[in-house]
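Novice: Numbering (this note's numbering), first residue to last: 12 to 459. The beta-carbon is built from N, C-alpha and C at its ideal position, and this holds for glycine as well. Bear in mind that the values here come from a model prediction, so they are computed numbers and not experimental data.
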């Protein structure tokens, strides 16, 4: 089947002579190689060798020193995903891209490949006759291509005095028209790459926008599309003379960027299992899924906010949740049950930062829901009013605390395996150590 798929693609694109083969690592960064046209069949037939440690690189692409040589820095075999084979519109030479997963030399899942983690959770739901339906919302900043003299980012949406606009004009149509060329280019590139985007809107901060993907009854496909959309936005923006960033908190005094995930559970006939008889009545399965998400939330914070910067999102009244909570049509809670038709009943998980790895976010949330269903957990009462004022126990607020909670979590170990837990911790602690060694401008300004 792969041969037929590849042959059809090559026939439809005779001018493409270069292929980017892409391996998403645990940070959501894309590693890989460039292959010429005459090697693409071999990729699909025999795979591509890459070191197993590639998945565990830190955010700067460095080997995880604590374990890189433990097993001799062995190679694994990358397996290509046929449905991800699409053209790339932002390069001058006709080029295509394809996603891969990394397996052991014997072809077995290595235990910490992000795509395989999602696939494994899907299979566990499948045993129960349940299909997760997933959609992701992506917030980002569209900035000037050049930074200021201190290396800080510069807003593209400015006031009359040249400084950042006072606000982003949330849902502002005129402001969307101001960036129409780049948004048209993003939309056209999405169409070429089969990325089904829904709405494009301005967000609350100047230069901040959001693009949403349609829901998919295939969680792995939804995660693939989210990662490819992030890449597309950044590359098209650069082509158009902008800097697009999914950094969680690029400006201290402006809103952070999140990655919200909407999820429902269907049966094999496509019926929404969260649907209930009342407008504000959560049925048993929905309450179990909510309870699972709340139970696993503290343990998963290192996944939802995987960077030193990401924890700066979590401030009082910032629209970023500070506690494990849920409510109906309540944007101050971590889990929001949106209003609407019963057949559209779903959970909006509002914790993850925009810089998080979509695969790990999807796997963690679905794993938590599965945990709640399998253990028949019961959700606490829903929050009414301002969740920030309820005095609820706070989630981990700093990366070291989140990593310690992650390390001690029996839930993470049971859901994803000790190998993933070990490798993820190695990469993140190496990153944290780098930040601990740096002296900031604020320290010079305060103490020099």
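#1: Does residue 256 pass the burial test, meaning 16 or more other C-beta atoms within 10 Å, or should it be called exposed?
#2: To which residues of the same chain is residue 409 closer than 8 Å at the C-beta, ignoring the five residues directly before and after it?
#3: Short check: CB of residue 151 to CB of residue 220, under 8 Å?
#4: DSSP three-state call for residue 141: helix, strand or coil?
#5: Taking the alpha carbon of residue 217 as the reference point, which residue from 226, 261 and 209 has its own alpha carbon closest?
#6: In whole angstroms, what separates the C-alpha of residue 510 from that of residue 456?
#7: So, residue 460 versus residue 254, is the Cβ gap smaller than 8 Å?
#8: Taking the alpha helix (DSSP H) that residue 16 belongs to, which residues open and close that run?
#9: Taking residue 107 as part of the beta strand (DSSP E), name the residues at either end of that continuous run.
#10: From residue 417 to residue 252, what does the alpha carbon distance come to, in whole angstroms?
#11: Apply the 10 Å Cβ neighbour rule to residue 184 and answer buried if 16 or more other Cβ atoms are within range, or exposed otherwise.
#12: Quick one: residues in its chain with C-beta nearer than 6 Å to the C-beta of residue 297, no 5 flanking neighbours on either side, listed in chain order?
#13: Using only CA atoms, which one of 135, 133 and 55 lies nearest to residue 96?
#14: Could you check the C-alpha separation between residue 60 and residue 405 for me, to the nearest Å?
#15: Which residue comes first and which comes last in the beta strand (DSSP E) that contains residue 221?
#16: Pair every Cβ in the segment 19-37 with every Cβ in the segment 62-71, then say whether three or more of these pairs are closer than 8 Å.
#17: Fully enclosed by the segment 305-358, which alpha helix (DSSP H) runs are 4 residues long or longer?
#18: So, for residue 100: in the same chain, excluding its five sequence neighbours on each side, which residues have a beta-carbon less than 7 Å away from its beta-carbon?
#19: For residue 451, count the other beta carbons within 10 Å of its own beta carbon; 16 or more makes it buried, fewer makes it exposed. Which is it?
#20: Where are the alpha helix (DSSP H) runs, 4 residues long or more, that stay fully inside the segment 399-442, in chain order?
#21: Quick one: Cα of residue 446 to Cα of residue 124, how far?
#22: Thinking C-alpha only, which one of 326, 393, 108 and 361 is nearest residue 339?
#23: On the three-state DSSP scale, how would you describe residue 188?
#24: Quick one: using the 10 Å Cβ neighbour count with 16 as the cut-off for buried, is residue 386 buried or exposed?
#25: How is residue 215 classed by DSSP in three states: helix, strand or coil?
#26: According to DSSP, residue 62 sits in a beta bridge with which residue or residues?
#27: Please list, in chain order, all residues of the same chain as residue 237 whose beta carbon is under 6 Å from its beta carbon, the five residues on each side excluded.
#28: Is it right to say residue 50 is buried, meaning 16 or more other beta carbons lie within 10 angstroms of its own, or is it exposed?
#29: What would DSSP say about residue 119, mapped onto helix, strand or coil?
#30: For residue 443, I'd like the list of residues in its chain whose CB is within less than 8 Å of its CB, leaving aside the five on either flank, ordered along the chain.
#31: Per DSSP, what kind of secondary structure is residue 376 in: helix, strand or coil?
#32: Using DSSP with H/G/I as helix, E/B as strand and the rest coil, what is residue 367?
#33: Exposed or buried, which one is residue 382 when buried takes at least 16 other CB atoms within 10 Å?
#34: Can you check which of these residues, 399, 304, 187 and 133, is closest to residue 330 by C-alpha distance?
#35: Taking the CB atoms as reference points, tell me whether residue 432 and residue 424 lie closer together than 8 Å.
#36: Is residue 35 helix, strand or coil when you go by DSSP?
Specialist: Concretely, from the data shown:
#1: Buried is the call here.
#2: 322
#3: yes
#4: Residue 141 falls in the coil class under three-state DSSP.
#5: 261
#6: The chain is shown only over 12 to 459; residue 510 falls outside these bounds and no answer can be derived.
#7: Within the shown structure, residues of the chain are numbered from 12 to 459, placing residue 460 beyond reach of any answer.
#8: 13-23
#9: 106-114
#10: 40 Å
#11: exposed
#12: 285
#13: 55
#14: Near 44 Å, if we compare the C-alpha coordinates of residue 405 and residue 60.
#15: 219-224
#16: At 8 Å Cβ cutoff, the stretches touch.
#17: 312-315
#18: 200 and 203
#19: exposed
#20: Here the runs fully enclosed are 410-418 and 421-427.
#21: 26 Å
#22: 393
#23: If DSSP states are grouped into helix, strand and coil, residue 188 belongs with the helices.
#24: Residue 386 counts as exposed, since fewer than 16 other beta carbons sit within 10 angstroms of its beta carbon.
#25: coil
#26: 86
#27: 147 and 369
#28: exposed
#29: coil
#30: 319, 410, 411 and 414
#31: helix
#32: coil
#33: buried
#34: 399
#35: yes
#36: Correct three-state label for residue 35: strand.
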